[in-house]
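Here is the structure we will look at, set down as structure tokens.
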Amino acid sequence: MLRLSITLVLAVACVLISPYVATETAVTCNVDRVHRLTCDIGVISVQTVLYGRADKDTCNNGRPESELANTKCAQEGTTDVLKQRCDGKKVCEVSDSVFGTPDPCVGTSKYIQTTYNCIPAIRQVTCEHSLARLHCDQGQVISVLSATYGRYDHTTCIFGRPASQIENIDCSHHTNKVSESCNGRNSCSIRASNSGFGDPCAGTYKYLELAYSCQYPSTVPEVAL
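Read left to right, the sequence shown gives residues -22 to -1, 1 to 203 (mature numbering (1 follows the signal peptide of the UniProt record, and there is no 0)).
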């Protein structure tokens, strides 16, 4: 009985320290414009994405009935695409081109609708050849939310680099290697290098961008009394 009580107390304590996470929704009617997700606090965690049309009411201004009739229009794989592009970032901007082709429903007026959470996290950027160090307080373990290796802008990790090495910003490589190496550990070090993550864009100076949280272990070991 005492053992069960200790387990319940620890479990309740973990629930009490978990922050409330609100769900945000972003809708872009003109799909040729930028679809923007942003978190004032925390980082993005994409939940669902629709590129198509699910009802006649959303983004219907000025549209003829014929362009609103098909409400079962949804391109497959859109959630996975945005999760790879946006998870772990504070701001993420994409256009419909990230979803590729073909058009999921020709002649239908489409929109992009994304639901996402802003979750507490530690963000870290490590320039190529340097060592990323992840660490949690005593009793907590690492939970990697996202990790990408490549280059996405002209301003990160540019010191001393020629223009030719930072001009390619369409260099994206989502990786699971950090989570495989670090999840469940109290601390972890991993080098940002082509040998560890592959080379998504030869000749470009890259960086490792990751987000992780520190959590109490979800399973409480039995205490022998």
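Backbone N, C-alpha and C define an ideal beta-carbon position, used for all residues, glycine too.
Alpha-carbon to alpha-carbon, residue j and residue i
| i | j | result |
| --- | --- | --- |
| Asp65 | Ser173 | 24 Å |
| Thr126 | Glu43 | 42 Å |
| Asp115 | Cys166 | 12 Å |
| Val5 | Ile90 | 6 Å |
| Lys88 | Ile22 | 24 Å |
| Leu186 | Asp81 | 33 Å |
| Ile(-6) | Lys155 | At Ile(-6), the pLDDT of 36 sits below 50, so the modelled position is not reliable; the number obtained from the coordinates is stated separately. Rounded to the nearest angstrom, the two C-alpha atoms are 29 Å apart. |
| Ile19 | Asp177 | 32 Å |
| Tyr190 | Thr79 | 33 Å |
| Ser159 | Ser124 | 13 Å |
| Gly40 | Ser157 | 47 Å |
| Arg101 | Tyr29 | 29 Å |
| Pro195 | Gln118 | 7 Å |
| Ser171 | His107 | 5 Å |
| Asp35 | Glu2 | 19 Å |
| Thr133 | Cys105 | 12 Å |
Element boundaries [beta strand (DSSP E), containing residue i]
| i | result |
| --- | --- |
| Cys166 | Ser165 to Arg169 |
| Cys70 | Val69 to Val72 |
| Glu2 | Thr1 to Thr6 |
| Cys149 | Unbroken run through Cys149: none, as it is neither H nor E. |
| Ser121 | Val119 to Gly128 |
| Ser173 | Where Ser173 is concerned, there is no enclosing beta strand (DSSP E), although the alpha helix (DSSP H) it sits in stretches over Asn172 to Phe175. |
| Val103 | Ile100 to Cys105 |
| Cys96 | Tyr89 to Ile97 |
Beta-carbon gap between residue i and residue j smaller than 7 Å
| i | j | result |
| --- | --- | --- |
| Ile144 | Tyr130 | no |
| Tyr94 | Val9 | no |
| Cys7 | Cys37 | yes |
| Val27 | Thr57 | yes |
| Val12 | Ser73 | yes |
| Asn161 | Val122 | yes |
| Arg14 | Leu109 | no |
Where the alpha helix (DSSP H) containing residue i begins and where it ends
| i | result |
| --- | --- |
| Arg63 | Thr56 to Cys64 |
| Gly30 | Counting along the chain, Gly30 falls outside any alpha helix (DSSP H), though it belongs to the beta strand (DSSP E) covering Val21 to Arg31. |
| Asn48 | It is not in any alpha helix (DSSP H) - Asn48 carries neither H nor E in the DSSP assignment. |
Proximity winner among the options, relative to residue i (alpha-carbon distances)
| i | options | result |
| --- | --- | --- |
| Ser150 | Thr182, Val119 and Glu158 | Thr182 |
| Ala180 | Ser121, Gln193, Gly128 and Val122 | Gly128 |
| Arg163 | Cys37, Thr56, Ile120 and Glu71 | Ile120 |
| Arg31 | Gly85, Ala99, Cys105 and Gly117 | Gly85 |
| Lys67 | Cys160, Leu28, Cys96 and Asn39 | Cys96 |
| Leu112 | Cys7, Leu188 and Pro195 | Leu188 |
| Ala99 | Gln193, Lys184, Val59 and Cys70 | Gln193 |
| Thr92 | Cys70, Ile168 and Glu45 | Cys70 |
Integer Cβ distance of residue i from residue j, believed to fall under 8 Å
| i | j | result |
| --- | --- | --- |
| Phe77 | Gln62 | So it is not a contact: roughly 12 Å between Cβ atoms. |
| Thr153 | Phe175 | 5 Å |
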